[in-house]
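Novice: Heads up, the sequence shown is in numbering that gives the first Met the number 0, so the first residue is 0 and it goes up one at a time. For each residue, glycine too, the CB sits at the ideal point set by N, CA and C. Below are the structure tokens for one structure; questions will follow.
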Amino acid sequence: MKLPRRRFMHLAAAATVIFSALPRNAVAQAYPARPVRVIVGGAAGGPPDIIARLMGQWLSERLGQPFVIENRPGAGGNLGTEAVVHAAPDGYTLLLVATPNAINATLYEKLNFNFIRDIAPVTSINRSPYVMVVNPSFPARTVPEFIAYAKANPGTINVASAGNGTPQHVCAELFKMMAGVDMVHVPYSRGGTHAALIDLLGGRVHVIFDVMVSSIEHVRTGQLRPLAVTTAARTEALPEVPTIGDFVAGYEASGWSGLGAPRATPAEIIDKLNKEVGAALVDHDNKARLAQLGAVPFALSPADFGKHIAAETEKWGKVVRAASMKMQ
């Protein structure tokens, strides 16, 4: 039976009125009704991927639908971000947000999106320190000794990273700026952190500001010497290691991650996800798993997570511009 156009329009209008009269939390109560994709802008097996899978498993068990991790590496994570930016804002496509998103906003001159505008903050998950490590043969056992050596030998210290514009790189550039030292950056864009560490262990480069999970076993076995961690406070994973800020006033850098969603995703869905991830972060097993990665729970509301992202974007934007970093 074919309805006359006027009759059809009346029915559609009535349906709209009925839908708008439903309780505001009805959408959240029904969510999720099918599998949810969580896009990670990096390869499987890295710390962001591990954290995404940890939270995905928790959310799957709590909410009764699979949270499927989908890896979209490429362009420093921008390919994955763009996929989420253009996804339907219905809560069924999420993004594992991390420090590179804040760096990329300034690092890349031509992006097809504005991260702060186009990705709605859902929840933060964790925070992790980087650790400044040197080869044991390096003639400095402390940050003050390192700075003194660098000033006495400008341009002779090689600082490794996983590539231009990576968190390791910007941490090193921030140190150079604040400590007033000159170091030569050696990016390992092809081999990444693994290749950089091989050369550090072999004494072919001198220092790296590395993610804790990559370096901690080398530190524990004495193959690398930790000089300091980058966070404002010491970390439980290496409690005897001081912070860079103990010697370079105001220095602070940390990795972090969280979840984001396409702009205009219903607030009820965002709030529901924020609450569930918050519950995960106080769970003993989840906290222990994060600790294995050298990370600590970092729970913020959507609004506060948005403020954190904005502050990090501004902070790293200044470093990127001061160091004249550019990626096409």
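1. Where does ASP209 fall in DSSP's three states?
2. Using the Cβ count rule (16 or more neighbours within 10 Å means buried), how would you classify ARG33?
3. My assumption, with CB atoms under 8 angstroms, is that GLY44 sits in contact with LEU78. Please give the rounded CB distance.
4. May I ask which residues mark the beginning and end of the beta strand (DSSP E) holding ALA287?
5. Can you tell me whether GLU313 is buried or exposed? The criterion is at least 16 other CB atoms within 10 Å of its CB, across all chains shown.
6. Does DSSP put TYR148 in a helix, in a strand, or in coil?
7. Is the CB-CB distance between ILE102 and TRP255 below 8 angstroms?
8. Thinking C-alpha only, which one of VAL83, LEU173, VAL37 and ILE115 is nearest VAL247?
9. Grab me the residues of ALA310's own chain with a C-beta within less than 8 angstroms of its C-beta, minus the 5 sequence neighbours each way, in chain order.
10. Can the beta-carbon of VAL212 be found less than 8 angstroms from the beta-carbon of PRO72?
11. With H, G and I counted as helix, E and B as strand and the rest as coil, what does DSSP make of ALA20?
12. Buried or exposed, going by whether 16 or more other CB atoms sit within 10 Å of the CB of ALA287?
13. What first and last residue would you give for the beta strand (DSSP E) that runs through THR98?
14. Return yes when the Cβ of ILE268 is within less than 8 angstroms of the Cβ of GLY90, no when it is not.
15. Cα-Cα, which of VAL133, VAL96, GLU81 and LEU106 is closest to LEU196?
16. Have a look at ILE156, ASP209, TYR30 and GLY202 and flag the residue whose alpha-carbon is nearest the alpha-carbon of VAL169.
17. Going by the CB atoms, is the gap between VAL35 and VAL67 shorter than 8 angstroms?
18. Pull up the distance between the alpha-carbon of LEU21 and that of ALA266, whole angstroms please.
19. For ARG224, which residues does DSSP report across the bridge?
20. Closest to PRO88 by CA distance: which of ALA263, LEU223, VAL295 and VAL204 is it?
21. To the nearest angstrom, report how far apart ALA227 and ILE118 are at their CA atoms.
22. So for GLU69, helix, strand or coil by DSSP?
Specialist: From the atom records:
1. strand
2. exposed
3. That belief does not hold up - the Cβ atoms of GLY44 and LEU78 are roughly 18 angstroms apart, past 8 angstroms.
4. ALA287 -> not in any beta strand (DSSP E); alpha helix (DSSP H) instead, spanning 283-291.
5. exposed
6. helix
7. no
8. LEU173
9. none
10. no
11. Any reading at ALA20 must be qualified, since the residue scores a pLDDT of 47, below 50, and its modelled position is unreliable; no value is offered.
12. exposed
13. No beta strand (DSSP E) contains THR98, which is instead part of the alpha helix (DSSP H) from 98-106.
14. yes
15. VAL133
16. ASP209
17. yes
18. Legend: pLDDT at LEU21 = 49, less than 50; position of this residue unreliable, value from coordinates given subsequently. If you take the alpha carbons of LEU21 and ALA266, they lie about 15 angstroms apart.
19. VAL133
20. ALA263
21. 34 angstroms
22. strand
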